[in-house]
Every structure is written in C-alpha cells, then in structure tokens.
Amino acid sequence: MDEKKSQISVLKKTNLPILAIVGRPNVGKSTLFNRLIKKRKAIIDPTPGVTRDLIFDECFFNNKKFIVIDTGGLTDEEGEINKFVQKKSLESLKIADVVLFLVEANNPLPIETDYVDIIKKSGKRYLLAVNKCDSKDKEQTVSEFYSYGLGEPIPISATHNLNLDILEKKIAEFELGEKSSQADDDEKKIIKLAIVGKPNVGKSSLLNRIVGSDRSIVSDIPGTTRDVVDETIVYKNNYIQILDTAGIRRKSKVFEDVEYYSVNRAIKTIESADITILLIDSLEDVSEQDKKITDQIVKNGKGLIIALNKWDLQEDTAQNIKEKKEKLLFKFPVISYAPILPISAKYGKGINEILNLTLKIYKALNKRIDTPKLNDFINETIKKYNPTSKKGVIKIYYGVQTSCAPTEFVFFINKKSLLSESYKNYIVNKFREKFDYRGIPIKISFRDKKIKKI
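Start counting the sequence shown at 4; every next residue gets the next number (my numbering).
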C-alpha cells in the first residue's frame with residue numbers, strides 16, 4: 004500500500020499540468036493512454052477492470068508538456084478490488100488539472116451521470132470524449148452525450164487513431180503552465196484587459212490613468228508577455244494586465260495601409276485578452292474601423308466595455324448620455340449587450356467603473372450554469388412566449404453549456420426550421436437578463452434532437 008501512496012505523492016510534487024483519463028471499465032481508457040504517450044505502457048484487454056492502479060507518463064500536446072494518468076474503471080460493483088480501484092480513480096481527480104471523461108459511442112449508461120456530478124463538483128477543468136466512433140453512424144450518436152453537461156463531446160477512435168489530433172489540440176488550449184503550489188496558482192490568476200480603438204482616441208491616456216500612482220503596479224509577474232503588456236496592476240486583490248494595441252509591433256513596410264494595420268494590431272490584442280475596452284471619441288461618430296474591431300471582439304467571445312472618452316468636453320447630463328447611447332446603438336446594434344460608460348481619461352472620470360465592470364464581466368465569463376438551472380429557464384421562457392405557426396409548435400427539450408470564455412450553449416429542439424430570427428433573439432435576450440451576462444457575447448446554437456424509434 005505504501006507504493007500506491009507514493010504514486011500520488013510523486014504526482015503531487017510535479018510542476019507539470021496533469022491530465023487524468025477517467026471513465027467506466029472497457030471504454031478504451033488504456034488504448035487512448037497508449038496513443039497519447041505514443042508507447043505501449045498500459046495493458047489493453049477486453050476484460051473490464053484490467054487497469055487497477057494509476058499508470059502515468061509524460062507526453063506533449065502541441066508542444067506543451069503534460070503528465071497523463073490512466074485510471075482504473077469507475078464502477079458501482081461490489082468487492083474489495085473494485086472499491087480500491089474506485090478510490091484510486093477518485094484520488095486522481097484531486098491531483099488532476101484537467102479531467103478527460105471517456106465514454107463509449109452509442110452506449111450511455113445511468114452510472115455515468117453519477118460520475119459526471121463528481122467531476123463537476125471537483126472544480127477541475129474537463130473534456131468529454133466519445134470513443135469508438137469508427138463509423139459515421141456512431142459519430143451521429145455523439146449528440147446523446149450533450150445531456151451530461153460537460154461541454155462539446157469530441158468523437159474519437161483510440162484504436163483507429165481518429166480525431167486524436169483534435170483532442171490533443173483541445174487539451175493544449177487549457178492555459179495551465181507549470182505549477183509551484185496551489186496557493187501560488189490562485190494568486191497569479193491574471194485578468195487580461197485590452198484597450199482597443201482607432202488612432203488618437205486616447206488609449207495611451209486611459210492606460211496611464213488606470214495605472215496611476217494610487218494603485219500598486221506590478222511589472223515583473225512571471226508569464227507576462229512583454230511585447231503585448233504595458234503594465235500589470237492590482238485592483239481589489241486582483242491582478243489585471245493592461246494590453247494596449249500600441250504595444251504590439253507590426254512588420255515594417257514603408258507604404259502600409261494605416262487603417263488595415265491598426266485593425267490588425269487590435270485583432271492580435273483582442274485574441275490575447277479576456278475583456279476589451281472599445282474606446283470611442285465621444286465627439287465623433289462611430290467609424291467603420293470601430294465596427295471591424297467590435298466584430299472581432301464578438302467573434303472571439305471576449306467581454307466588452309464601450310467607453311466614450313473625452314466626456315469632459317461634453318454636457319454631462321443624463322439626457323445627453325441617453326441620447327449618445329441611443330445614437331450609438333442605432334448605428335451599431337451589435338454592441339447592444341455591452342455596458343456604455345462616459346469617461347474622461349484626462350481627468351479620471353469613470354476609471355473605477357471600468358475596473359469594477361472588468362471584475363464582474365470576468366467572473367461571468369468563467370461562469371458555468373448547471374444543466375437543471377438551464378432547463379428551468381427554458382421551461383419558464385417557453386411558457387411565457389411560444390409562437391405557433393402552420394408548420395407546428397416549437398419544443399425545446401433541453402440545453403447544455405458547451406464552453407466558457409467564449410460562452411456557448413446548445414439547445415436541442417424538435418424542429419430547427421420552426422425558429423424565426425426574432426424568437427432566437429428573444430431567447431438570447433431573456434437568457435442574458437436571467438443569468439446576468441451583461442458585457443459578454445453569448446452564442447446559443449439550436450440543433451434538432453433525433454427521436455429514437457422503438
């Protein structure tokens with residue numbers, strides 16, 4: 004037993020991110036493990052329960068080094084060995100950074116939902132992979148697993164090496180890095196805030212105002228990207244990196260189109276950020292460049308704050324603010340979900356509001372809504388308003404959240420063709436209102452649910 008304990012203690016001491024493969028017996032965990040580490044280390048046998056202890060090895064996903072753990076099968080069967088295997092598998096959840104829940108195509112079982120709850124409650128990041136998808140017919144059954152609420156199911160075949168490149172890319176997308184201790188990890192969570200906008204709207208002035216001497220400036224936190232980040236501040240015990248488009252260098256050519264490359268710089272900054280401030284000169288109209296930048300913010304699923312700068316030169320009345328907002332939304336309806344703040348970078352007006360909104364939006368970006376709460380919302384919304392047509396009545400069976408940051412959901416319905424654009428917008432607006440997604444672009448996809456014929 005001491006040897007078993009030493010496995011866990013060794014894994015606890017590693018500074019590499021850990022991926023644990025969990026699932027019930029005989030779904031292909033060991034086959035997948037061997038594929039990922041690119042060697043035959045785990046014993047593969049059709050008999051359930053062959054892997055009883057934790058097996059682990061190092062591997063690379065898109066040039067990122069991980070430790071991968073192959074666990075014994077999760078089961079509700081009695082017996083001392085099964086209890087021991089179960090205990091070791093659950094221990095792997097505690098030390099893992101990412102949990103890969105592996106299921107078998109066309110074979111969902113009730114016992115799996117119990118373990119889904121355990122994974123969700125663990126607070127770990129997770130992925131759902133559907134193994135043995137070695138034919139088109141089996142790939143089509145993947146939608147059955149959306150109801151688990153573990154995000155977008157990834158169809159794979161470990162035996163035939165199908166879609167493992169997609170799985171590895173998804174694993175590598177998690178921003179984990181090397182670890183020192185849990186306390187240090189929590190301390191170093193950094194919110195990335197980008198300031199974007201066309202030239203000469205006051206981006207540098209806003210940056211300088213945000214990192215003023217009344218806030219503590221942190222200039223050398225490990226992991227910061229110096230060619231993008233100008234400053235890192237601490238605000239209400241949160242680290243916030245200020246990303247400025249001016250800090251991203253472009254390739255030098257003498258005859259470049261200024262607008263094209265300023266938008267290009269903004270796009271790169273947006274991709275690095277969690278939240279963006281679109282800075283607009285309140286004395287001018289919205290430009291095509293502003294629209295292009297915002298399209299990228301929405302496309303990348305980033306949080307958005309609209310800041311109307313140079314408000315010190317405007318008549319500071321509620322009526323004027325209202326008129327400016329209405330004019331902006333009329334010309335630019337895509338930003339209707341975003342808070343609009345009148346600010347003055349020169350005099351510091353609205354700076355605390357920006358930072359407070361940043362903290363609130365960041366929290367919402369990383370919020371995951373439980374499937375039961377999501378389905379309660381669906382039932383309430385349809386009861387209030389469910390338009391009918393000659394083609395039939397819309398029925399939404401259930402919904403699941405497939406990702407955070409970007410915030411995406413999938414709703415399964417009886418017939419997608421019954422949905423009008425206005426009803427889609429109604430659902431999205433009600434959804435945003437219910438779950439407080441102000442400042443966040445949310446994507447709700449609708450899919451036809453296939454009814455099994457008996």
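Even glycine gets a Cβ: it sits at the ideal position worked out from N, Cα and C.
Bridge-paired residues (DSSP) for residue i
i, result
"D284", "N312"
"Q244", "K195, T235"
"I346", "Looking at the DSSP assignment, I346 forms no beta bridge with any residue, so it has no partner."
"S160", "L165"
"T279", "A197, L307"
"Y129", "V102"
"F69", "C62"
"E107", "N134"
"S150", "Answer by DSSP bridge pairing: none, since S150 is not bridged."
"Y22", "For clarity, residue 22 is Leu in the given sequence; the question names Tyr instead. For L22, which the question treats as bridged, DSSP gives the partners V71, V101."
"K352", "S347"
"I445", "T410"
"R450", "F415"
Residue i to residue j span [Cα, whole Å]
i, j, result
"C136", "S420", "28 Å"
"K295", "Y242", "29 Å"
"I385", "Y149", "21 Å"
"D319", "N240", "32 Å"
"D284", "Y350", "15 Å"
"E274", "F335", "22 Å"
"E326", "L332", "10 Å"
"N404", "K67", "With the sequence shown as reference, residue 404 is identified as Gln, and Asn is not the correct amino acid for it. Using only the alpha carbons, I get a separation of about 27 Å."
"D48", "A99", "Per-residue confidence for D48 stands at a pLDDT of 41, beneath the threshold of 50, marking its modelled position as unreliable; the derived number appears in the next sentence. Near 25 Å, if we compare the C-alpha coordinates of A99 and D48."
"P20", "D247", "30 Å"
"P113", "P375", "17 Å"
"S339", "P111", "41 Å"
"I157", "V145", "8 Å"
"V199", "F412", "28 Å"
"G442", "K330", "19 Å"
"F69", "S208", "42 Å"
"I297", "L93", "The sequence given here places Thr at residue 297; Ile does not occur at that position. Near 44 Å, if we compare the C-alpha coordinates of L93 and T297."
"K427", "Q143", "25 Å"
"K328", "L282", "14 Å"
"K446", "F434", "11 Å"
"Y365", "L311", "21 Å"
"T391", "E424", "14 Å"
Best match in the options for proximity to residue i [C-alpha to C-alpha]
i, options, result
"G306", "K427, S160, R128, I357", "I357"
"I381", "I397, R371, A132", "I397"
"I58", "S33, A161, A108, K387", "S33"
"S1", "I416, D439, E436", "No statement about residue 1 is possible, as the shown extent of the chain runs from 4 to 457 and does not include it."
"G154", "K349, A408, I283", "A408"
"K15", "F36, I169, S95, G26", "S95"
"Q244", "E291, E287, E274, I193", "I193"
"L22", "V30, N110, T74", "T74"
"W314", "K302, L344, Q292, S339", "L344"
"L422", "K394, R441, I121", "K394"
"G152", "E436, R441, Y401, K366", "Y401"
"N3", "E142, Y118, R128, Y238", "This structure leaves residue 3 out entirely; the chain is present only between 4 and 457."
"N211", "S347, K328, E107, A276", "S347"
"V119", "K201, R27, Q322", "R27"
"E291", "P202, D277, K352, A341", "P202"
"K41", "T162, V106, D140", "T162"
"T361", "E61, A197, A321", "A197"
"N18", "E61, R38, Y365, N37", "E61"
"D451", "V102, V30, E147", "E147"
"I121", "G31, K141, P444, V25", "V25"
"G353", "I399, L286, D293, I280", "I280"
"G304", "Y440, G205, A321, L286", "Y440"
Neighbourhood of residue i by C-beta, 8 Å cutoff - its chain only, sequence neighbours within 5 removed
i, result
"K97", "S125"
"S222", "Low per-residue confidence applies at S222: pLDDT is 41, beneath 50, and the placement is therefore not dependable, though the value from the model is reported in the following sentence. Hits under 8 Å: E234, T235."
"I159", "L35, A132, V133, N134, C136, L165, N166, L167, I169, L170"
"V289", "I283, L331, K334, F335"
6 Å Cβ shell around residue i - same chain, five flanking residues per side excluded
i, result
"I270", "Q299"
"A175", "F64, N65, K67"
"I72", "A23, L57, F59, S95"
"A341", "L307, I309, G442"
"L377", "G402"
"A108", "V133, K135, C136, K141, T144"
Contact with chain B by residue i, beta-carbon distance below 8 Å
i, result
"Q143", "Note that chain B does not occur in the displayed structure, where there is just one protein chain."
Contacts around residue i, its chain only, beta-carbon distance under 7 Å, and the 5 residues preceding and following it disregarded
i, result
"I372", "Q404, F438"
"K173", "L130, I157"
"N323", "Q317"
"V214", "I220, E234, I236, I245"
"L39", "C62, V71"
"L368", "D277, G306, C407, A408, T410, I443"
Quiz prompt | Those runs of the alpha helix (DSSP H) which lie wholly inside the stretch 369 to 433 and span at least 4 residues | solution = Under the rule that a run must span 4 or more residues, the alpha helix (DSSP H) segments found entirely inside the stretch 369 to 433 read 374 to 387.
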